[in-house]
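Scroll down for the structure; my scribbles are underneath it.
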Amino acid sequence: MSDKSNQNISELMDGELSSDCSRFLLKRLQSDVELRSSWNNYHMLRSCLQKEHDAPLIQDLGSSVVNQLVQEQSTVSSPENKSPRGFFKALSGAAIAASVAMVAVFTFNTQQEYDQSHLGLDVVYDKTPKQLIKPPDAMVARVEQPASFSRYPSLTPQVQQYITESNNQPVIPVYYNTEYIKNMIIQTQLQSRKATADE
Amino acid sequence: MKSSELEKMSEKTLDTELVAQAQQGKMQAFELLVNRYQQRVANVISKFVKDRHEIQDVAQEVFIKVFRALPNFRGDSSFYTWIYRIAVNTSKNYLVARSRRIQNTQLEFEEAESFTVNEDHRNLDTPDAVYARGELEKTMSKAIAMLPDDLKEAIVLREVDGLSYDEIAEKMDCPIGTVRSRIFRARDAIDQALKPLLQDESMRKQNVR
């Protein structure tokens with residue numbers, strides 16, 4: 000241990016060391032055995048000089064106090080103090096908790112099965128291995144799909160549904176019906192020809 | 000240089016730091032604190048308890064109580080003032096409990112005549128420990144007496160009169176750096192003189208375990 004460190008200990012115990020150095024030294028004291036030994040010896044010298052006639056010289060009381068405290072703490076936390084009654088009490092409590100948990104698990108499982116069968120979801124989405132490997136032919140395995148109304152997204156779902164259901168063929172407006180126009184043209188041509196023939 | 004670097008950590012602040020660390024459960028910090036105040040507490044106890052061997056037992060009990068009461072220490076008073084009260088109360092309680100034990104002990108007259116105060120039975124230490132402590136005290140006193148005058152004066156002014164380094168520098172008419180050096184050299188010289196005894200003491204404790 001360097002003289003500088005010991006001198007710092009000497010100044011620290013007199014309150015004459017700078018705050019930064021003091022904090023650093025206090026941290027070192029926690030782990031450095033030699034530094035703690037210097038601290039104890041310098042304080043023992045102080046004890047010798049300060050002690051009164053009737054009082055004995057006290058040496059390293061700190062270690063015996065700390066040892067006693069540690070022993071007391073280990074005695075308090077010792078498992079030997081637990082009585083057999085306490086053990087059986089804990090065991091019965093654990094058994095009750097386990098049975099309650101099992102009941103909860105079984106109840107939850109049965110509830111899940113009921114929910115799934117009610118919706119029939121497993122029937123709709125079940126696929127055979129063949130279907131999974133090879134996509135199904137649309138003509139052979141057609142799955143009912145709900146009506147999609149994405150053709151007329153601006154209309155309300157009810158109107159979209161009416162249009163889809165009521166119109167198997169799309170209604171072409173008059174001005175887009177070429178057949179009708181052709182017939183009209185033919186009829187007008189025939190009428191005009193008839194009129195000129197009469198004249 | 001920053002002002003914080005020049006600012007010293009006073010003894011009161013040092014105690015506050017150690018108490019804070021002890022309150023966090025750091026036992027090494029509490030050990031440092033006990034060694035710092037062990038003798039002053041023993042001096043207080045010696046005013047109530049006359050038996051030298053019992054004084055150490057009571058001192059240990061005081062610091063056990065101090066540790067348990069640490070969460071209640073708020074720093075309103077100095078740490079020494081706080082433990083002083085605990086030491087006084089513990090000493091008084093010890094005397095009361097001891098007097099009750101003596102009253103409850105019924106001795107025949109003949110037994111009382113032959114009853115001797117056997118300090119060794121009450122002493123928790125072994126005879127070797129008692130002897131070692133006595134030797135330690137003697138060696139220390141001798142080492143202090145053999146110090147050069149300037150070192151002796153500096154250490155006595157610091158430890159006995161409680162003067163600060165500035166005050167010692169003024170009294171001894173020397174720079175403050177010289178005071179630091181003298182006090183440290185005095186402590187180091189006595190530490191070197193005690194080393195052989197302390198090594199024997201630690202060997203003895205290991206053998207006892």
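Protein sequence lines, in the order shown, are assigned to chains A and B. Just so you know, we're using numbering that gives the first Met the number 0 here: the first sequence kicks off at 0 and counts up by one. Just so you know, we're using numbering that gives the first Met the number 0 here: the second sequence kicks off at 0 and counts up by one. The C-beta atom is built at its ideal place from N, Cα and C for all residues, glycine as well. Every value quoted in this text rests on a predicted model; they were computed, and no experiment measured them.
Does L24/A pass the burial test, meaning 16 or more other C-beta atoms within 10 Å, or should it be called exposed? buried
K151/B, DSSP secondary structure in three states: helix
Which one or two residues does DSSP pair with K7/B in a beta bridge? S17/A
Look up T187/A in the DSSP assignment and say whether it is helix, strand or coil. helix
Within 8 Å (strictly less), CB to CB, does R45/A reach chain B? yes
Which listed residue (D13/A, A94/A, N5/A and W38/A) has its alpha carbon closest to that of E159/B: The sequence given here places Val at residue 159/B; Glu does not occur at that position. The option with the nearest alpha carbon to V159/B is D13/A.
Within the same chain, show all residues whose beta-carbon is closer than 7 Å to that of V57/B, passing over the 5 residues directly before and after it, in chain order. I44, V48, T89, S90 and Y93
What's the gap between the Cα of E112/B and the Cα of E53/B? Here E112/B scores only 48 on pLDDT, less than 50, and its place in the model is too uncertain to base an answer on.
Counting only Cβ-Cβ distances shorter than 8 Å, please list the residues of the segment 153 to 172 of chain B near chain A, keeping chain order. I154, V155, R157, E158, V159, S163 and Y164
Nearest to Q37/B by alpha carbon, out of A144/B, S140/B, R186/B and V65/B? V65/B
If you count every other CB in all the chains shown that lies within 10 Å of the CB of E97/A, and 16 or more means buried, which is it? Glu is not the amino acid found at residue 97/A; the sequence shown has Ala there. So A97/A counts as exposed.
Note down, in chain order, every chain A residue with its Cβ under 8 Å from the Cβ of M26/B. V65, L68 and V69
Using only CA atoms, which one of W81/B, N34/B, I154/B and G24/B lies nearest to I189/B? I154/B
Taking a cut of 7 Å between CB atoms, which residues from the segment 64 to 77 of chain B lie near chain A? F66
Pull up the CB-CB distance for F72/B and Q6/A, whole angstroms please, since I reckon it's below 8 Å. No, F72/B and Q6/A are not in contact; Cβ-Cβ is about 31 Å, not under 8 Å.
Sorted by chain position, which residues of the same chain lie with C-beta nearer than 7 Å to W81/B's C-beta, five sequence neighbours on each side aside? F72
Is it buried or exposed for S76/B, if we count other Cβ within 10 angstroms and need 16 for buried? exposed
Given that a residue counts as buried once 16 or more other Cβ atoms are within 10 Å of its Cβ, and exposed if not, what is Q23/B? exposed
Does F62/B come out as helix, strand or coil in the three-state DSSP assignment? helix
How about L34/A: is its C-beta nearer than 8 Å to some C-beta of chain B? no
Residues in its own chain within less than 7 Å of A28/B by CB, not counting five upstream and five downstream? L17, Q20 and A21
Any C-beta of chain A sitting closer than 8 Å to the C-beta of N122/B? At N122/B the pLDDT is 43, less than 50, meaning the model places this residue with poor confidence and gives no usable figure here.
Since L11/A and S18/A are thought to touch, with beta carbons under 8 Å apart, how far apart are those beta carbons, to the nearest angstrom? Not quite, the Cβ-Cβ distance comes to about 11 Å (not below 8 Å), so this is no contact.
Here's the rule I'm using: 16 or more other beta-carbon atoms within 10 Å means buried, otherwise exposed. How should K7/B be labelled? buried
Pairwise C-alpha distance: L162/B and V95/B: 38 Å
Are the beta-carbon atoms of N34/B and D59/A separated by less than 8 Å? yes
For D165/B, count the other beta carbons within 10 Å of its own beta carbon; 16 or more makes it buried, fewer makes it exposed. Which is it? exposed
Who are the near neighbours of L135/B in its chain, counting only those whose CB is closer than 6 Å to its CB and skipping five residues on each side? L196
Starting from M43/A, trace the alpha helix (DSSP H) both ways and give me its first and last residue. V32 to Q49
Check M171/B in the structure and name its three-state DSSP category. helix
Is it buried or exposed for G61/A, if we count other Cβ within 10 angstroms and need 16 for buried? buried
How would you label L189/A, buried or exposed, when you count the other beta carbons within 10 angstroms and need 16 or more for buried? exposed
Taking just the CA atoms, how far does I95/A sit from D31/A? 52 Å
Alpha carbon to alpha carbon, how far is A68/B from T138/B? 36 Å
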